Each structure stands twice: as C-alpha cells, then as structure tokens.
Amino acid sequence: MAEHGNDSRKVLQWASIWTARPQRVNRSHRGPLGRSAAGERPVTLRLLLLSLSLAATPVLAQAGEARAWDSRAGTWVTWGTMADSLARHDVVVVGEQHDDPATHRAEASLLDAIGRRRARVLVSLEMFERDVQPLLDDYGVGRVSEAAFLARARPWRNYASDYRPLVEHARARRWPVVAANVPRPLASAVARGGMAVLDTLAQA
1398 MAEHGNDSRK
1408 VLQWASIWTA
1418 RPQRVNRSHR
1428 GPLGRSAAGE
1438 RPVTLRLLLL
1448 SLSLAATPVL
1458 AQAGEARAWD
1468 SRAGTWVTWG
1478 TMADSLARHD
1488 VVVVGEQHDD
1498 PATHRAEASL
1508 LDAIGRRRAR
1518 VLVSLEMFER
1528 DVQPLLDDYG
1538 VGRVSEAAFL
1548 ARARPWRNYA
1558 SDYRPLVEHA
1568 RARRWPVVAA
1578 NVPRPLASAV
1588 ARGGMAVLDT
1598 LAQA
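Spelled out as structure tokens, the structure:
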C-alpha cells in the first residue's frame, strides 16, 4: 500500500506469520527491512506470494489481539504496531494463500489499518490481468456497473468473498486499483517460446 508524497521511499519486507498466539517460526523466511527503493512508485499493496507470508490458519476473531512475527527484531508485535510500521513505507508486498479465507480477512484488516494511517493508498492486485486495467479504472469511478465490470474482467472464482472487499474498500475511498498480473496469452507465449518472445513483441 502506498501514499503519495512520502519521502521515505523504502520497501519494507516482512517475513511474518499472522496468528493469535505464538507458533514455531521458520527462520528461513528472514528478510531485510527498510531496504532503499529510491524511484519506487507511491506505496502499493500487492497481493502476491512474496515477502509477507501469511499462515494458513490465522483467524482475527480468535481470542486476543492478532499478532505478527517481526523477523528483524525477533519478536511478536501487535497488529497495530505492525500497521504503524508498514504505513511509513511506500511499498508493502503482501503474500497470501489464495484459497484461505482467513488470510483474505487479514488482508482486508491490514488495508483498513494502513488506510487509517495514510490518506492515499494504491492497491495492486495479482488476480486482475493488465489488459483489464481500463475496465477497472472505469468501475472505480462509476462509469460502468459492477455487473458489467465482472462480466469482462475475468475475476477469480473467489472474487466475491475474498477480493471484492478490497476493491470496494479502495473504490469507496477513491484509491486507485491496479491490475498487476501478466495477461494469460502473454504468459502462455513466454511459456512456449521463452523470454525471447518479449523482444519480439517489443519490436512489433
């Protein structure tokens, strides 16, 4: 997630496990925090399987406040402390298990928490392909209905339950939403012909 106008220009990489109580932590997930990223775009929430690792069984409604493992400090921190830290950075990369509703609830909670700390956030979603960006933009500003948007945007099967809350949260606040995934035809072409296919497309 990101806000325009912040001078920190840092990428925060969290190797974290979300849970309501401590569990065994895989130290191999350890990653650098606060790495310089001059020239990065404003803070962006990217729902990709990268540096923020969500456990398969987090439930925010469990007894006690949800906590996160800070791999740099080697300690558990509260959800609010984590949100305070993430909100100071320009790019937050959030990993997920696509079919785990609990991690999607965690994402929605995190988006809300960072949005309360930053006025401007950009949400980037892996589950939309780049070619639907104009349609996503039109839906964001109300130029097309939700039904028309969904009919053409090729949403994942769990969109309504797991991704719609993020899109609608951003839409209600006029935050941009970015379709971040490579179009399937291009991915298939690269799978068949290798990365050299991209050079051919650039020349065309």
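Per the numbering used here, the very first residue in the sequence shown carries number 1398; after that it's consecutive. No residue lacks a Cβ here, since even glycine has one placed at the ideal position from N, Cα and C. Everything numeric in this text was worked out from a predicted model, so none of it was measured.
- Separation of the CB atoms of valine 1594 and alanine 1586 is rounded to 5 Å, and the pair is thereby assigned contact status at 8 Å.
- Just measuring C-alpha positions, the residue of Ser1468, Arg1527, Ala1470 sitting nearest valine 1579 is Arg1527.
- The residue from Arg1540, Arg1570, Ala1576 with its alpha-carbon nearest to that of proline 1552 is Ala1576.
- Pro1573 is the residue among Pro1573, Ala1550, Glu1543 whose C-alpha sits nearest the C-alpha of leucine 1519.
- 7 Å or more divides the Cβ of leucine 1533 from the Cβ of arginine 1549.
- At the C-beta level, histidine 1486 and aspartate 1559 stay beyond 7 Å of one another.
- Bridge pairing for valine 1564: absent [DSSP].
- Following the DSSP letters along the chain, one finds glutamate 1493 in no beta strand (DSSP E), marked with neither H nor E.
- Proline 1582 and threonine 1472 have their C-alpha atoms some 44 Å from each other.
- Residue environment analysis places methionine 1479 among the buried positions, since at least 16 neighbouring C-beta atoms fall within 10 angstroms of its C-beta.
- The Cβ atoms of alanine 1463 and tryptophan 1476 lie closer than 7 Å to each other.
- Taking the C-beta atoms as reference points, valine 1541 is found nearer than 7 Å to aspartate 1535.
- Between glycine 1537 and arginine 1568, the gap from beta carbon to beta carbon is short of 7 Å.
- Annotation for valine 1574: the continuous beta strand (DSSP E) segment containing it runs 1574-1578.
- Between valine 1491 and glutamate 1504, the beta carbon gap of about 6 Å places them in contact (Cβ cut-off 8 Å).
- Excluding the 5 residues flanking it on each side, arginine 1514 has same chain C-beta neighbours closer than 6 Å at Ala1484, in chain order.
- In the three-state scheme derived from DSSP, where H, G and I count as helix and E and B as strand, valine 1520 is classed as strand.
- A check of alpha carbon separations from proline 1498 across Asp1596, Pro1562, Asp1467 identifies Pro1562 as the nearest.
- The C-alpha of glutamate 1493 lies about 33 Å from the C-alpha of threonine 1597.
- Rounded to the nearest whole angstrom, the CA to CA distance from serine 1482 to alanine 1470 is 13 Å.
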